[in-house]
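In mature numbering (1 follows the signal peptide of the UniProt record, and there is no 0), the protein residues as written are -23 to -1, 1 to 306.
We put the beta carbon where it would ideally sit given N, CA and C, even for glycine.
Here the structure is a predicted model, which means the values were calculated and not measured.
Structure first, then comments.
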C-alpha cells in the first residue's frame, strides 16, 4: 500500500481582528496555509515585526502559520492601515485591514412604541388616521405595521435609518379602512427589526365608540342672556342646535382629543331673553343633537325654562327609547 501526501496546494490566507484580554490594545491575526508559508507585516509602507507566531502541520503535510501582531492604543487610535503579506514560492497574497479607534456608545435599548390618533389629521377632515410613534431607536432598519385586534391591517412600512448609532425617533401614520370602523376593534402597532426582534406598542386605542352627550346651562355674565353648553364625546361628534323645529347656528365651539383618541366637542349657544320668550307664558325649548359616522343613532338633549331663577335645570339625554339619562344642574 502506498500513501501520497498532497502538500503542493494553493495557499490560503486570512487576516482578522481578534479579541484582546489586555485593555488599550488590539490583536491582529494573520493565518497562512500551504507548503511553506511565510508571513510579513507592514503599516504605512513600514515593516513591522510580529509579536508571536505558531506553526503546525496537519496529516496531509499542509503547514499552517498563525502570526500575531499586538497594536497599542497609541498606534491605532489615529486610524492606521495594517498589511499582512503572505509569501509562498510562486505566490504572494496581500491582505489589508483598517484599524480605527472605536468609542463604544451606550448599551442598545429596546425601542419604545406607542400608538395614537392623529388630531391634526382629524382637524383636516381625515377622522380615522392612526400614528405609530417609535423612540429610542438604534440604527437598525425596521418595519412598522398597524394591527386591529392583533391582526395586521396595513402593509409593512419600511424605515431606512442613518448609519450613525442614534438614538432616533420616527412616526408613521395609517388611515384605518372603513370596514374596521367598529366598536369591538382595538388598534395597536408594532416594530420589527431584523428577522425576529418585534416590539408591540405599549398602548392600545379604541376610538370607534358610541357618542356621549350632555346639555348644561352655564352661568352668564351678561344680564338678559343665558349660555347653553352641549358636550359631545366620541369618534367624530357633530353637534346641531334646534328650537321649535328650527335650526339654530351655534355661537362658538371648541374641539379637543384625549390620549385615547376620543374627541370632545363643546358647543355654545347664547340665548337672549327676547328669543326665549316666544309669547305669553310660552317658553321655547332648545335641543342639541349629537351624531357621528360610527354611530347609527343620534343622541338628543332638550332643555327649557332657561331663565328660571329658583328652579333646578333638568337636562334629559335620550340614548334609546325608555333609557333616559338625567342631569340635575
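Exercise. Can you tell me the Cα-Cα spacing of residue -7 and residue 27, whole angstroms?
Worked result: The count along the chain shown starts at 1 and reaches residue -7 at position 17. The count along the chain shown starts at 1 and reaches residue 27 at position 50. Whole-angstrom Cα-Cα distance: 14 Å.
Exercise. Hey, would you say residue 204 sits closer than 7 Å to residue 247, going by beta carbons?
Worked result: Here residue 204 refers to the residue found at position 227 when the chain shown is read from its first residue. Here residue 247 refers to the residue found at position 270 when the chain shown is read from its first residue. For residue 204 and residue 247, yes; Cβs fall inside 7 Å.
Exercise. Pick from 148, 190, 144, 130: whose alpha carbon is nearest that of residue 156?
Worked result: Translated into the one-based positions of the chain shown, residue 156 becomes position 179. Per the Cα distances, 130.
Exercise. Any idea what DSSP makes of residue 123, helix, strand or coil?
Worked result: Residue mapping note: residue 123 aligns to position 146 of the chain shown, counting from 1. Here DSSP, grouped into helix, strand and coil, assigns residue 123 to strand.
Exercise. In its own chain, which residues sit with a C-beta less than 8 Å from the C-beta of residue 87, not counting the 5 before and 5 after it?
Worked result: Within the chain shown, the letter at position 110 stands for residue 87. Same-chain partners within the cutoff: 113, 176.
Exercise. Between the C-alpha atoms of residue 30 and residue 44, what's the straight-line distance to the nearest angstrom?
Worked result: Counted from its first residue, the chain shown places residue 30 at position 53. Counted from its first residue, the chain shown places residue 44 at position 67. Taken atom to atom, the span from the alpha-carbon of residue 30 to that of residue 44 is near 4 Å.
For this session: Let me know the alpha helix (DSSP H) ranges lying completely inside the segment 216 to 251, each 4 residues or longer, listed in chain order.
Result: DSSP runs (the alpha helix (DSSP H)) wholly in the segment 216 to 251: none.
Problem set entry | Local Cβ density within 10 Å of residue 97, reported as buried at 16 or more and exposed below that | As a position in the chain shown, residue 97 is number 120, starting the count at 1. With a 10 Å radius around the Cβ and a threshold of 16 neighbouring Cβ atoms, residue 97 comes out exposed.
For this session: Classify residue 138 as helix, strand or coil using the three-state DSSP reduction.
Result: Position 161 of the chain shown, counted from the first residue, corresponds to residue 138. DSSP places residue 138 in coil when its eight states are reduced to three.
Problem set entry | Three-pair Cβ contact test at 8 Å for the segment 119 to 133 versus the segment 143 to 157 | With three or more CB-CB distances shorter than 8 Å, the segment 119 to 133 counts as touching the segment 143 to 157.
For this session: Would you tell me roughly how many angstroms separate the C-alpha atoms of residue 161 and residue 3, rounded to the nearest one?
Result: Stepping through the chain shown from its first residue, residue 161 is reached at position 184. Stepping through the chain shown from its first residue, residue 3 is reached at position 26. Roughly 59 Å separates the two Cα atoms.
Problem set entry | Backbone secondary structure at residue -12 - three-state DSSP | Within the chain shown, the letter at position 12 stands for residue -12. When DSSP states are grouped into helix, strand and coil, residue -12 belongs to the strand group.
Problem set entry | Euclidean distance between Cα positions of residue 90 and residue 181 | As a first step, residue 90 must be located in the chain shown, where it is residue number 113. As a first step, residue 181 must be located in the chain shown, where it is residue number 204. If I take the Cα positions, the gap works out to 11 Å.
For this session: Can you tell me which of the three DSSP states residue 51 falls into?
Result: Here residue 51 is taken as the residue at index 74 of the chain shown, counted from 1. Three-state result, residue 51: helix.
Exercise. Which same chain residues, not among the five before or five after residue 139, have their C-beta less than 7 Å away from its C-beta?
Worked result: By one-based count along the chain shown, residue 139 stands at place 162. Within the same chain, 116 come within 7 Å of residue 139 by CB-CB distance, once the 5 residues on both sides are set aside.
Exercise. Do residue 125 and residue 99 come within 7 Å of each other at the CB atom, strictly closer than that value?
Worked result: By one-based count along the chain shown, residue 99 stands at place 122. By one-based count along the chain shown, residue 125 stands at place 148. For residue 99 and residue 125, no; Cβs fall outside 7 Å.
Problem set entry | Among 196, 5, 142, nearest to residue 46 - alpha-carbon criterion | Residue numbering aside, residue 46 sits at position 69 when the chain shown is read from its first letter. Out of 196, 5, 142, 5 has the C-alpha closest to the C-alpha of residue 46.
For this session: Please classify residue 16: is it buried, with 16 or more other beta-carbons within 10 angstroms of its beta-carbon, or exposed?
Result: The count along the chain shown starts at 1 and reaches residue 16 at position 39. Residue 16 counts as buried, since no fewer than 16 other beta carbons sit within 10 angstroms of its beta carbon.
For this session: Could you tell me which of 9, 22, 132 sits nearest to residue 39, measuring between CA atoms?
Result: As a position in the chain shown, residue 39 is number 62, starting the count at 1. The option with the nearest alpha carbon to residue 39 is 9.
For this session: Compare the C-alpha of residue 263 against each of 238, 227, 210 and name the closest.
Result: Taking the chain shown and counting its residues from 1, one reaches residue 263 at position 286. Minimum Cα distance to residue 263 is reached at 227.
Exercise. Taking the alpha helix (DSSP H) that residue 99 falls in, what are its first and last residues?
Worked result: Working through the chain shown from its first residue, we reach residue 99 at position 122. Here the alpha helix (DSSP H) through residue 99 covers 96 to 100.
Exercise. Among 154, 238, 220, 251, which residue has its Cα nearest to the Cα of residue 201?
Worked result: Here residue 201 refers to the residue found at position 224 of the chain shown. That would be 251, whose Cα lies nearest to the Cα of residue 201.
Exercise. Where does residue -7 fall in DSSP's three states?
Worked result: Against the chain shown, residue -7 aligns to sequence position 17. DSSP, reduced to helix, strand and coil, places residue -7 within a strand of the structure shown.
Exercise. From residue 244 to residue 143, what does the alpha carbon distance come to, in whole angstroms?
Worked result: Locating residue 244 in the chain shown gives position 267, where the first residue counts as 1. Locating residue 143 in the chain shown gives position 166, where the first residue counts as 1. Residue 244 and residue 143 have their C-alpha atoms roughly 45 Å apart.
Exercise. Applying the criterion that 16 or more other CB atoms from any shown protein chain within 10 Å of the CB defines a buried residue, is residue 213 buried or exposed?
Worked result: As a working note, residue 213 is residue 236 in the chain shown. When all chains shown are included, residue 213 counts as buried.
Exercise. Which same chain residues, not among the five before or five after residue 111, have their C-beta less than 6 Å away from its C-beta?
Worked result: Taking the first residue of the chain shown as 1, we reach residue 111 at position 134. Cβ neighbours of residue 111 beyond the five flanking positions: 88, 90, 147, 168.
Exercise. The beta strand (DSSP E) with residue 31 in it runs from where to where?
Worked result: Within the chain shown, the letter at position 54 stands for residue 31. In the DSSP assignment, residue 31 falls within the beta strand (DSSP E) that extends over 29 to 34.
Exercise. Residue 80 by DSSP, collapsed to three states: which one?
Worked result: The count along the chain shown starts at 1 and reaches residue 80 at position 103. Note that residue 80 scores 46 on pLDDT, short of 50, meaning its location in the model is unreliable and no value can be drawn from it.
For this session: With a cut-off of 8 Å on the beta carbons, I'd call residue 62 and residue 19 a contact; round off their distance for me.
Result: Your numbering for residue 62 matches position 85 in the chain shown. Your numbering for residue 19 matches position 42 in the chain shown. Indeed they touch by this definition, with Cβ atoms about 7 Å apart.
For this session: Quick one: grab the DSSP three-state call for residue 173.
Result: Indexing the chain shown from 1 puts residue 173 at position 196. Looking at residue 173 - three-state DSSP - the assignment turns out to be coil, as it is neither helix nor strand.
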